[in-house]
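Let me begin by presenting the structure, written as structure tokens, before commenting on it.
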Amino acid sequence: MSNKVDLDRFREVQRLAYRGAEHVASRLEPGVTERMAAAALRRWLERHGVDDWFHVPFAWFGERTAFRRFRFPTQFLPTNTRLADGMPYVLDAAPVVDGYVADIGLSGRLGSNPVWDRLDRDLSVHRSAILDLVRQRRTFSDIYRAVDDLIARQGNTNRHQVYPGRVIGHQVTRIRVGGPRFVVLDSFGVRTLRTIGRELIKERLEGRSPLWAGGAASAHPPTPGLWAVEPHLGTEGDSVGAKFEEVMVVTADDAFWLDDDLPHVHRWRRA
Numbered sequence: 012m013s014n015k016v017d018l019d020r021f022r023e024v025q026r027l028a029y030r031g032a033e034h035v036a037s038r039l040e041p042g043v044t045e046r047m048a049a050a051a052l053r054r055w056l057e058r059h060g061v062d063d064w065f066h067v068p069f070a071w072f073g074e075r076t077a078f079r080r081f082r083f084p085t086q087f088l089p090t091n092t093r094l095a096d097g098m099p100y101v102l103d104a105a106p107v108v109d110g111y112v113a114d115i116g117l118s119g120r121l122g123s124n125p126v127w128d129r130l131d132r133d134l135s136v137h138r139s140a141i142l143d144l145v146r147q148r149r150t151f152s153d154i155y156r157a158v159d160d161l162i163a164r165q166g167n168t169n170r171h172q173v174y175p176g177r178v179i180g181h182q183v184t185r186i187r188v189g190g191p192r193f194v195v196l197d198s199f200g201v202r203t204l205r206t207i208g209r210e211l212i213k214e215r216l217e218g219r220s221p222l223w224a225g226g227a228a229s230a231h232p233p234t235p236g237l238w239a240v241e242p243h244l245g246t247e248g249d250s251v252g253a254k255f256e257e258v259m260v261v262t263a264d265d266a267f268w269l270d271d272d273l274p275h276v277h278r279w280r281r282a
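In this text, residue positions in the sequence shown follow the working numbering: the first is 12, and each later residue adds one.
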């Protein structure tokens, strides 16, 4: 379990990542492509102290926010899809500063989109619901299925099941392994891939998984540590998607969100 100093450092990086995403989002306009937005977010974060990547920034516009017809990992990469008025967007980035990792997702829409507004209201319920279930010490796989049930009751679709591994979250640790920084392989930092490999072996030996999904590997109580949690909802027909992603701190007998000073939290409180 990370100490207070470590938690403060993780919190600082998460806030930095969200500031970068908000900066880029504030400058989005019709005609901007996903590739342009992702590149702008990468430049901003590297100018502001990011020294490596858990994964490089992604941007998804329009129906791609719901991963419509995604079948292969390469489809997650930014494309030349252009933003238009009324379109939803998602910016997703996982920067590293001095080994401390953040993994964030910022959803929004350019101009007016009542469908996205409704979906965002539905998404707001999931933050407290997931935390309550973790505090009840339900297994990760049970929580995953409970989130599925809530999504279905809301009349929406589960889009985090499209992520590799069908994950709703994954464990976050400080990257301490050596190797070159800013070397990226298939969107993930090389040091990140080495860390993930090490954690997979360690957790599997203990009968757990650092990936939070709905299968047998996640049929265990919440593992103490830091978890990047990313419920991702789509509308019926998957024309619009919305998500948030932030770090949850799990202890031996409790859990809490690393930070409440985040854009989506403020937006939901205002609403």
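A virtual CB, placed ideally from N, CA and C, is assigned to each residue, including glycine.
Just so it is clear, the structure is predicted and the values come from calculations on it, not from any experiment.
In this chain, the alpha helix (DSSP H) harbouring H34 covers K15 to S37. Per the coordinates, the alpha-carbon of M47 lies some 37 angstroms from the alpha-carbon of S152. Here A28 has A104, P106, A113 and I115 as same chain residues with Cβ atoms under 6 angstroms from its own Cβ, once five neighbours each way along the sequence are excluded. Ranked by Cα distance from D109, the options V136, R281 and D19 are led by D19. Here Q182 carries a strand assignment [DSSP, helix/strand/coil]. Within the same chain, T44, E45, R46 and R75 come within 8 angstroms of T90 by CB-CB distance, once the 5 residues on both sides are set aside. One alpha carbon belongs to F78, the other to A282, and they sit about 27 angstroms apart. The DSSP-derived three-state label of Y155 is helix. Of V261, N169 and P68, the smallest CA-CA separation from E247 is found for N169.
Pairing Y111 with F255 gives a Cβ-Cβ distance that is not under 7 angstroms. The continuous beta strand (DSSP E) containing R120 extends over residues I115 to R120.
L144 is the residue among L144, A157 and Q25 whose C-alpha sits nearest the C-alpha of P233. Straight through space, the alpha carbons of A140 and G236 are spaced by roughly 19 angstroms. Taking a cut-off of 8 angstroms on C-beta distances, the region 220-229 touches the region 170-180, as three or more cross pairs fall below it. Counting along the chain, no alpha helix (DSSP H) covers D103; the unbroken beta strand (DSSP E) around it starts and ends at P99 to V108. Counting only unbroken stretches of 3 or more residues, the beta strand (DSSP E) elements lying wholly within the region 237-280 are 243-245, 252-254, 257-261 and 266-268, in sequence order.
Straight-line measurement puts the Cα of D249 at about 35 angstroms from the Cα of R185. Across the structure, L39 and Y100 are spaced so that their CA atoms are roughly 10 angstroms apart.
V258 and V276 have their alpha carbons spaced roughly 13 angstroms apart.
The alpha-carbon separation between H243 and H171 amounts to approximately 5 angstroms. G122 and A239 have their C-alpha atoms some 29 angstroms from each other. Taking a C-beta distance under 7 angstroms as the contact criterion, L130 and A253 qualify as a contact pair.
DSSP, reduced to helix, strand and coil, places R93 within a strand of the structure shown.
The residue from V61, S229 and Q165 with its alpha-carbon nearest to that of V24 is V61. With a contact defined as Cβ atoms closer than 8 angstroms, L94 and F65 miss out at about 25 angstroms. For A230, no beta strand (DSSP E) encloses it, and the DSSP letter there is neither H nor E. In the three-state reduction of the DSSP assignment, L88 falls in the coil class, being assigned neither a helical nor a strand state.
Closest option to L142, judged by alpha-carbon separation, among W268, Y155 and A70: W268.
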